[in-house]
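Student: Here it is, the structure, as structure tokens.
Number of protein chains: 2
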Amino acid sequence: MIPSGWPPYSRRPAKAVRVKAMTSAIQTLDAAERFCTERGLSLTPMRRRVLELLVEAGGPVKAYDLLSALKPGGAAQPPTVYRALDFLTRAGLAHKVEALNAYTACLNGHDEEDPCTGSAELFICESCGNVDERHMHRAPSDAPDGFVISRSVVEHYGQCARCAN
Amino acid sequence: MIPSGWPPYSRRPAKAVRVKAMTSAIQTLDAAERFCTERGLSLTPMRRRVLELLVEAGGPVKAYDLLSALKPGGAAQPPTVYRALDFLTRAGLAHKVEALNAYTACLNGHDEEDPCTGSAELFICESCGNVDERHMHRAPSDAPDGFVISRSVVEHYGQCARCAN
DNA sequence: CACGTTACGTAATGTCATAACGTCACCCTC
DNA sequence: GAGGGTGACGTTATGACATTACGTAACGTG
Chain A
49 MIPSGWPPYS RRPAKAVRVK AMTSAIQTLD AAERFCTERG LSLTPMRRRV
99 LELLVEAGGP VKAYDLLSAL KPGGAAQPPT VYRALDFLTR AGLAHKVEAL
149 NAYTACLNGH DEEDPCTGSA ELFICESCGN VDERHMHRAP SDAPDGFVIS
199 RSVVEHYGQC ARCAN
Chain B
49 MIPSGWPPYS RRPAKAVRVK AMTSAIQTLD AAERFCTERG LSLTPMRRRV
99 LELLVEAGGP VKAYDLLSAL KPGGAAQPPT VYRALDFLTR AGLAHKVEAL
149 NAYTACLNGH DEEDPCTGSA ELFICESCGN VDERHMHRAP SDAPDGFVIS
199 RSVVEHYGQC ARCAN
């Protein structure tokens, strides 16, 4: 009667941070470096390291998983990673996935044209954990009269084309 | 350089549960009652009480605030309120506001025509805390090829018309 | 009646995030 | 080069949000 087993993904054990594409990671990090220097932001070693972990994971990562991944090179405490995530999200280099309490790197538009403004539309595959990010170029057509939007959270959960088979 | 003071609303102290419109609350509860009996769902006293608190609050309420509000009539523990919220959200009588870790009553379409399917578009005023809910009748136009959406989280934060002045 | 199911009580624990304070390096200006 | 502001980060503790696991009572059905 009531749909059960919902929401499935947010109850799963967190997936381990894994390396996916080192080449693109390096490219992304270099782009992020340029992005920051152009704007007078400092991508410190700690912030760069956290962004690197996010990029390597290729999907949403929990803050405490980042923390664990950080541990080997010195004991890190929660505020350390949350401060880094705060910087990255403010800068538009990462997004928080609200419904997952997780964080994901923002790969779009930091090289040249269209920097991320902070509001992205996320398509999250509940099978493989992959996140496809689209920037929102449209306002909702059915906003209440006179409502002024300052920030939007748009997250779609489902199955990507690859996993739907 | 980096916008500061963001996100403002989610860091505020939780607002107290307050009574807003008792008449509409009763109407809503009666409608919810009918909604459940029609579907073979049982709106138990506990579930009804939690829904009542949500309706009275007229906006997002934190689980532990519900818990406090429940206390006077017997000591309630977290699972109690989370179970009630789970039922209400599954039934479509309430929604979780993900970016706020809060819950809000769903007032739409439980009387006759168009029951809430679970995916609503929420417009949350960061000044007065009011939530305006629209049901989503459209699919995102720019979904990745072949992506099948099972659930969407859409939350817009900003200022309502009344507070914009 | 024995059994399964549903709802809720209760204790403990797990998970996510921040507060509050200290230190150090850097830069500026006098 | 002493003083003072600022930004980044370490460290301890705590707050805030949510679940696991187990027990019991009520109810319906074979």
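For the record, the sequence lines run as chains A and B.
Residues 49 to 213 (our numbering) are what the first sequence spells out, left to right.
Residues 49 to 213 (our numbering) are what the second sequence spells out, left to right.
Note that beta-carbon positions come from the ideal geometry of N, C-alpha and C, so glycine has one too.
Values in this document were obtained by computation on a predicted structure and should not be read as measured data.
1) Do the CB positions of Ile197 (chain A) and Gly206 (chain B) come within less than 8 Å of each other?
2) Could you have a look at Arg199 (chain A) and say whether DSSP puts it in helix, strand or coil?
3) On the DSSP bridge list, what partners appear for Cys173 (chain B)?
4) If you measure from the CB of Arg97 (chain B), is any heavy atom of the ligand ATP nearer than 7 Å?
5) Count the C-beta pairs between the region 131–148 of chain B and the region 84–98 of chain B that are closer than 8 Å, then say yes if the count reaches three, no if not.
6) Output yes or no for whether 8 Å exceeds the beta carbon distance between Leu118 (chain A) and Arg97 (chain A).
7) Using C-beta distances below 7 Å, list every residue in its chain close to Leu102 (chain B), excluding the 5 sequence neighbours before and after it, in chain order.
8) When you compare the CB of Cys176 (chain A) with every CB in chain B, is at least one pair closer than 8 Å?
9) Helix or strand or just coil, what does DSSP make of Lys119 (chain B)?
10) Measuring alpha carbon to alpha carbon, tell me which residue in A:Arg131, A:Ala123 and A:Leu155 is nearest His183 (chain A).
11) Given a threshold of 16 other Cβ atoms within 10 Å of its Cβ, counted over all protein chains shown, does Glu161 (chain B) qualify as buried or as exposed?
12) Within 8 Å (strictly less), CB to CB, does Glu203 (chain A) reach chain B?
13) Compare the C-beta of Cys208 (chain A) against all C-beta atoms of chain B and say whether one is closer than 8 Å.
14) Around the C-beta of Ala168 (chain A), are 16 or more other C-beta atoms found within 10 angstroms, so that it is buried, or is it exposed?
15) Would you say Phe195 (chain A) and Phe195 (chain B) are within 8 Å of each other, going by their C-beta atoms?
16) On the DSSP letters alone, give me the boundaries of the beta strand (DSSP E) that Val145 (chain B) sits inside.
17) Mind checking who Glu181 (chain A) pairs with in its DSSP beta bridge?
18) Helix, strand or coil: which one does DSSP assign to Thr152 (chain B)?
19) Give a yes or no on whether the C-beta atoms belonging to Asp193 (chain B) and Ala209 (chain A) are separated by under 8 Å.
Tutor: Let me spell this out:
1) Within the first sequence, residue 197 (chain A) is the residue found at index 149, counting from 1. Within the second sequence, residue 206 (chain B) is the residue found at index 158, counting from 1. Yes, they are a contact pair.
2) Counted from its first residue, the first sequence places residue 199 (chain A) at position 151. Residue state, collapsed to three classes: strand.
3) The residue labelled residue 173 (chain B) in the question sits at position 125 within the second sequence. Answer by DSSP bridge pairing, in chain order: B:Gly206.
4) The model depicted lacks the ligand ATP and carries no ligand whatsoever.
5) yes
6) Locating residue 118 (chain A) in the first sequence gives position 70, counting from the first residue. Locating residue 97 (chain A) in the first sequence gives position 49, counting from the first residue. The answer is yes: Cβ separation under 8 Å.
7) If you number the second sequence from 1, residue 102 (chain B) lands on position 54. So the list reads Val109, Ala142, Tyr151, Thr152 and Ala153, once near-sequence residues are dropped.
8) Along the first sequence, one-based indexing puts residue 176 (chain A) at 128. No - not a single Cβ of chain B is within 8 Å of the one on Cys176 (chain A).
9) For this step, residue 119 (chain B) is matched to residue 71 along the second sequence. Reduced to three states, the DSSP call for Lys119 (chain B) is helix.
10) For the purposes of this step, residue 183 (chain A) is taken as the residue at position 135 of the first sequence. Among A:Arg131, A:Ala123 and A:Leu155, the Cα nearest to that of His183 (chain A) is on A:Leu155.
11) Counted from its first residue, the second sequence places residue 161 (chain B) at position 113. Confidence in Glu161 (chain B) is poor, its pLDDT being 48 and thus under 50, which makes the residue's placement unreliable; the coordinate value appears in the next sentence. Result: exposed.
12) Indexing the first sequence from 1 puts residue 203 (chain A) at position 155. Yes - at least one Cβ of chain B is within 8 Å of the one on Glu203 (chain A).
13) Residue numbering aside, residue 208 (chain A) sits at position 160 when the first sequence is read from its first letter. Closer than 8 Å to some Cβ of chain B, the Cβ of Cys208 (chain A) qualifies, so yes.
14) Translated into the one-based positions of the first sequence, residue 168 (chain A) becomes position 120. Burial call: buried.
15) Sequence index remark: in the first sequence, residue 195 (chain A) carries index 147 (1-based). Sequence index remark: in the second sequence, residue 195 (chain B) carries index 147 (1-based). Contact flag unset, no.
16) Position 97 of the second sequence, counted from the start, is the residue given in the question as residue 145 (chain B). Residues Ala142 to Val145.
17) By one-based count along the first sequence, residue 181 (chain A) stands at place 133. Glu181 (chain A) pairs with A:Leu170.
18) Counting from 1 along the second sequence, the entry for residue 152 (chain B) is found at position 104. Residue state, collapsed to three classes: strand.
19) Against the second sequence, residue 193 (chain B) aligns to sequence position 145. Against the first sequence, residue 209 (chain A) aligns to sequence position 161. Contact flag set, yes.
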